[in-house]
Amino acid sequence: MAQHTIQMTVNGEPAVAAVPSQMTLMECLRERLGLTGTKCGCAAGECGACTVILDGEPVNSCMVLAVECEGASVRTVEGLSRSGKLDPLQAAMITAGGVQCGFCTPGVLMTARALLDRNPHPTDAEISEALVGNLCRCTGYLPILEAVRSAATAS
Amino acid sequence: MSAKKASPAPLASPIGASPPRIDAHEKVTGAVQYTDDIPFGPRLLFARIKRSPHPHARIVKIDASRARALPGVVAVVTGEDYPGYIGLYLQDRHIFCRDRVRYVGDPVAGVAAISETIAENALELIDVKYEVLPAVFDPEQGAKADAPLLHPKLEDYVVAPFIFPQNGTNISNHFKIRKGDPSEVWGICAAIVERKYTIPHIQHVPIEPHVAVALVEDSGKVTLWASSQSPFAQRNLIAKTLGISQSDLRVVAPAVGGGFGSKAGVSMEALAVAIALKTPGRPVKLRLTREEEFHTAFVRQGLIAYFKMGCAADGRLLAMENRYLWDGGAYTEYGVNVTRAAGYSSSGPYEVPNVHADSLCVYTNHPVGGPMRGFGMPEMHVGLEQCIDDLALQIGMDPVEFRRLNCLKTGSTLVTGSKMHPIGLPECIDQAAKAIGWGSKAAPSSPRKRRGKGIALMWKAPAMPPNAGSSAWVRLNEDATLTVGIGGQELGQGTFTVMAQMAAAALGVPMEWVRIATPLDTEYSPYEWQTVASRLTWSMGNAVVNAARDARGKILKVVAEAWNEAPEDLDIVNGNVISYKTEESLPMKDLVVYGLPRPDGKGWTGGPIVGDGNFMPTYVTGLDKETGQGERAVVHYTTGAQAVEVEVDLDTGRVTVLRGVAAFDVGRAINPGLVRGQMEGGFVQGLSTALFESLQLQEGVLQNPSFVDYRIATTADAPEQVEAIMVEVPQDDGPWGARGIGEHPMVPTIPAIANAIYDAVGIRLSSPPYSSEKVYLAMLEAGLVD
Amino acid sequence: MTNARPGLPEFDYIRPTGLDEACRYLKEHAGQARPFMGGTDTFVRLRDGVWHDTYLVDVKHLPGMRTIEFDAAQGLRLGAAASMNQVIDDPAIARHYPLLAEAARSVASFPLRTRATVVGNLCNASPAGDTTGACLVFDGLLEVHGTGGGRSIPLRQFFLGPGKTALASGEIVTALRLPPPPAGAFGHYLKLGRNALSDLAIVGVTALGYPDPSAGSGFRFRIALASVAPVPLLVEAAAEVLCREPINETTIRAAADAAMAACNPIDDVRGGAEYRRRMVRNLVRQAVTDVWQRLLA
């Protein structure tokens, strides 16, 4: 079966990887590039733990082939903070108590980041709708929604 | 070393404050390492498991020759090599099945290969011949004398002394309460309610699936990395079954992405170790797919519960007769204690003079019932709290008033004959009722909707052996920070943060100076029984406080000698040692490692400061085998109330939870922000189980093994608000009076919602989940809709 | 137990640069090759072991697959690979086919909709497909390219059974065409899932209504149902009731009853037939009432 060498930009840096056709972007990030911040919760596009931003749009990275990302720009949770300064969403997530076990957190942050990038002042309903595909079992969602609200207001 | 005059004013105590969690930064940046994130290098092998497709069958033959021949396969393992039994309270399970399989998904063989794909492909090349056996899918069927026997060797199994298997049957535990005599008072009851409730299996669904990596070195030493709530229990149980010494099995427990009980005890972790024993020198990683989680990880066992309860005309409960048949699953090594816990809690949080209860754990050919948040309490309270509502309504009494009258109070006599310690349950009821606006109803949001309010109470004690212990060490560093060693795991509940608060307060330093030694590692972490039972804040908290106080005592002794003072006149405030007598002050730095010069200038005193402490309850007395009565059944109880407001859609049956109120007596909220996190999170998890969740098992085969059809609550299902009310009646032996709160907010949610649905539309369902379909069809049958 | 694999099974990723090349490849490797766009249905089936293709052919980048064009005379041409989020954001669709955007918006989740496509939803041919109703009531047709050239398939003839379409071996859908919408039309997609949002449709009701002086009632409705038959179902009988007689609460009920009679749901792990039938009735009533009120306003 074919191996492909792909070149992407990940969190602003060039990245090269040799991947088989069936390797997903999620697996490529975690296993080839050592970016383990992106998590696998179901490998079926249902839980959102693997959400990253691909060419400016949020995707479940378990539902994207690495080979499809030749030339693409990918942003993961590791690329949210800049020079050690937390993204307002990350800071708000801490303050609001929206992190417990932390496993859903990277996916939640990336979906929320993609939402605020296209819609800087979402309504409460829009926030809830945007995050409906990011499952959390610990927090009950209320502090997560509060964090996104407060990050939106702050910016 | 110069001493300063006039110590600075102390910082506010961290106890009762809500500082941000200490692991938040690494979690929001993706830096924290979960087990699957750890690199193990190019020698890492991957394991996959061959599992039984039958709910009950004899294994006739396993032929793994084709699998062994597949290029890239390094080892294939079966139960042949592992004859030992394993189990926490009852050793009824092998690592890999030996003579028979008892549930769909039971592990039959394991493959280690150079890639997960090759290991997966190898599974198809393992030929297993089965002889299908008649199966049991219902605990009532399973409890009958003529049922197929799932564990013929039950009487030979090693069992904890407080578990009572019925040999020659499928009943692996029978717990009894015989207190007073209900038959003498049914005749004088003004109202009697008799109901049957059936609770389906559900599952924990942590977002991180199970994962374990095992490495066996040439020396024979074994290391296990696992997403684990219980590194010491896993070490103990796995070492015992393999016949090795505990210290030869090291367990490392990195960050855990949700547990809820599923990562306690031993489940898939033993498989990784068993496989790694056949690939010495090469680590083996086993991770469960989400589908495998649903099929094969611990489940919350199903329950068939019969309730009969009666009260006098004034509302006083006179008698209860309860029978609980637990669908324990294929192995009940852990689930037997759920049965026991439900038995000694069978009255609910009420004072009832006459109680007969039988709680039976029954083997079935279903997935393995294990510890899940609430440990039998959510399942039991579903029916119990609805019967209480029913009884109240029958005698024309308000359900809140009825509960207020009958609920446990300080000094109440419990179903086990013990007395209740100081508790604030009445205040929880009052506050919950007030906060939900009990007695008034707002108009529904549309003419085709109905509103209702419901309340439910709960109680729970930590269910554990009487001698479950905690320990801690505190090591001071040159910069006066302290590293705290603990064996209890951070699951997201915030235990690392709370321990840091407690260590800081007990020692007298700012909380920022405290580090927790992570990851948990049996090599250097001190023993902790398990991270379950909502026991850490109380039990491990005591150990941490003892260790911090020990360190404090050692520090003060050194300074006392250096200053020629009595240690009683000294204190540590803000990380400075101060004298109340002379007002001298000395930063802790340096002295905690290098000591201090003697006052006479001739030599040194002190040295590197390490404190240690432990805590183990010593007063649990056990319960009589026939009556369930005893002086002190448990360490303590956490009690509370939840109230909800719902809206029911008459056109679709959809139940929307508008808001919830949770009021629990936590003794003392060490970190109210984290306590609120448990109350909100537990409420929504409870809501999810009330409205959406059930493992749909048909002839032992799970029909919904994925998120597509096992639905859990999403952002859109969470209520607008969950109010978290913390009542604080101190626990006598809790640190600052604290007792546990992790599980409890999930316990009364289903019946609170059920009672609210009844208030809205006058119907009751005999089992959750209260899906739109079930509610609609019930309304249809009741003639409410057409 | 049937168990999904940990990851995707082995296959080769093929990326043709032209339509003819793609169709030829698919035809030559029939039974072993499959086209894909967003992959959200394809990858799941491969991992579950339902499909076993050796070659996955990425057709997203072929000419014309990603564009969205509208003109007043021709209507909408929605490139097959345009994502659901693109559909939701498109101003022409928002203006002329808001029902399609509403239906797309109900699918799964925001990140999934970056990959999922309306045409993929149609080709998946699940009776539960959320956008099938909107496409049917707008009288859509599919532009198809094969080794023999191009053809069109009206959607009414496209769905043959669960997972089965009228596509022949080697054919690829290149676009969905929706004729210009009827003037003054309003539509509503009502989806009943287990969760408040995001689930598959246990029952889905699509209703479109527009003024038509030639109709007895002065209006015409088109009603489509999801998840209650082997294919997405256009319910002519219900539409007939609303076209014949003056529209009021009674005729709406009669239309809803007709829809209930026309559907044929099954019991499955997601819901029971009896419940689904009654939900068809209740939701048709709600959806038609909603559209009716907007027509009157």
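Protein chains in written order, with my numbering: chain S, 1 to 155; chain L, 1 to 786; chain W, 1 to 297. Even for Gly, the Cβ is constructed at its ideal location relative to N, Cα and C.
Checklist entry - Looking at C-alpha atoms only, which residue of L:Gly329, L:Lys61 and L:Pro349 is the closest neighbour of L:His744? => result L:Pro349
Next on the checklist: Using the three-state DSSP reduction, which class does L:Tyr758 fall into: helix, strand or coil?
Outcome noted: helix
Checklist entry - Would S:Gly71 count as contacting chain W if we go by Cβ distances under 7 Å? => result no
Checklist entry - Which of the three DSSP states, helix, strand or coil, is assigned to L:Asn467? => result coil
Checklist entry - Are the CB atoms of W:Asp48 and W:Ala80 nearer to each other than 7 Å? => result no
Checklist entry - Whole-angstrom Cβ separation of L:Leu650 and L:Arg450, contact assumed at under 8 Å? => result 7 Å
Checklist entry - Of all Cβ atoms in chain S, is any one closer than 7 Å to the Cβ of L:Arg598? => result no
Item to check | Simplified DSSP state of W:Arg281, which is helix, strand or coil | outcome: helix
Item to check | Under the three-state DSSP convention, the category L:Ile202 falls into | outcome: strand
Item to check | CB contact below 7 Å: S:Arg149 versus chain L | outcome: no
Item to check | Cross-chain neighbours of S:Met1 in chain W, by beta carbon under 8 Å | outcome: Glu10, Phe11 and Asp12
Checklist entry - Going along chain S, which residues have a C-beta under 8 Å from L:Phe787? => result What is shown of chain L runs 1 to 786, which leaves residue 787 of chain L out entirely.
Item to check | Given W:Phe186 as reference, the closest of W:Ala256, W:Asn85 and W:Leu208 once Cα atoms are compared | outcome: W:Leu208
Next on the checklist: Less than 6 Å between C-beta atoms, sequence neighbours within five positions excluded: which residues of the same chain meet that for S:Thr5?
Outcome noted: Ala18
Checklist entry - Under a three-way DSSP split, which group does L:His295 fall into? => result helix
Item to check | Contacts that W:Phe159 makes with chain S (C-beta to C-beta distance below 9 Å) | outcome: Neighbours of W:Phe159 on chain S: none; closest Cβ ~23 Å, over 9 Å.
Checklist entry - In terms of residue numbering, what span does the beta strand (DSSP E) encompassing W:His188 cover? => result Phe186 to Leu192
Checklist entry - Is the Cβ of W:Phe138 closer than 7 Å to any Cβ of chain S? => result no
Next on the checklist: Give me, in chain order, the residues of the same chain whose beta-carbon lies closer than 7 Å to that of L:Ile712; leave out the 5 immediate sequence neighbours on both sides.
Outcome noted: Val205, Ser688, Phe692 and Glu693
Next on the checklist: Suppose the cutoff is 8 Å on Cβ atoms and the five residues either side in sequence are ignored; what does the same chain contact list for W:Arg110 look like?
Outcome noted: For the sequence presented, residue 110 of chain W should be read as Phe rather than Arg. Here the set comprises Asn85.
Checklist entry - Looking at the C-beta of S:Ser83, does it have a partner C-beta in chain L at a distance below 7 Å? => result no
Item to check | CB contact below 7 Å: S:Thr105 versus chain L | outcome: yes
Checklist entry - From the DSSP output, which residues share a beta bridge with L:Cys361? => result L:Asn173 and L:Trp326
Checklist entry - Quick one: which chain W residues come within Cβ less than 7 Å of L:Arg711? => result Arg194, Asn195 and Asp199
Item to check | Nearest to W:Ala82 (by Cα), restricted to the options W:Val288, W:Thr174, W:Leu26 and W:Pro9 | outcome: W:Thr174
Item to check | Same chain, Cβ closer than 8 Å to L:Leu784, neighbours up to 5 away in sequence not counted | outcome: Leu650, Val761, Gly762 and Ile763
Item to check | Beta carbon proximity, S:Ser155 to chain B, threshold 7 Å | outcome: Of the protein chains in the structure, S, L and W, none is chain B.
Next on the checklist: I want to see whether chain W comes within less than 7 Å of L:Glu680, judged by CB atoms only; does it?
Outcome noted: no
Item to check | Under 8 Å from the C-beta of W:Val269: neighbouring residues of chain L | outcome: Gln696, Gln703, Asn704 and Asp709
Item to check | C-beta contact flag for L:Arg323 and L:Met372 at 7 Å | outcome: no
Item to check | Backbone CA spacing between S:Cys69 and W:Gln32 [nearest angstrom] | outcome: 24 Å
Next on the checklist: Taking the alpha carbon of L:Pro254 as the reference point, which residue from L:Ala456, L:Ala64 and L:Ser228 has its own alpha carbon closest?
Outcome noted: L:Ser228
Checklist entry - Cβ atoms of L:Thr241 and L:Gly84: under 7 Å apart, would you say? => result yes
Item to check | W:Gly148, DSSP secondary structure in three states | outcome: coil
Checklist entry - Taking one C-beta from the region 615–628 of chain L and one from the region 169–182 of chain L each time, how about it: are there three or more such pairs within less than 8 Å? => result yes
Checklist entry - Alpha carbon to alpha carbon, how far is L:Ile275 from L:Leu224? => result 12 Å
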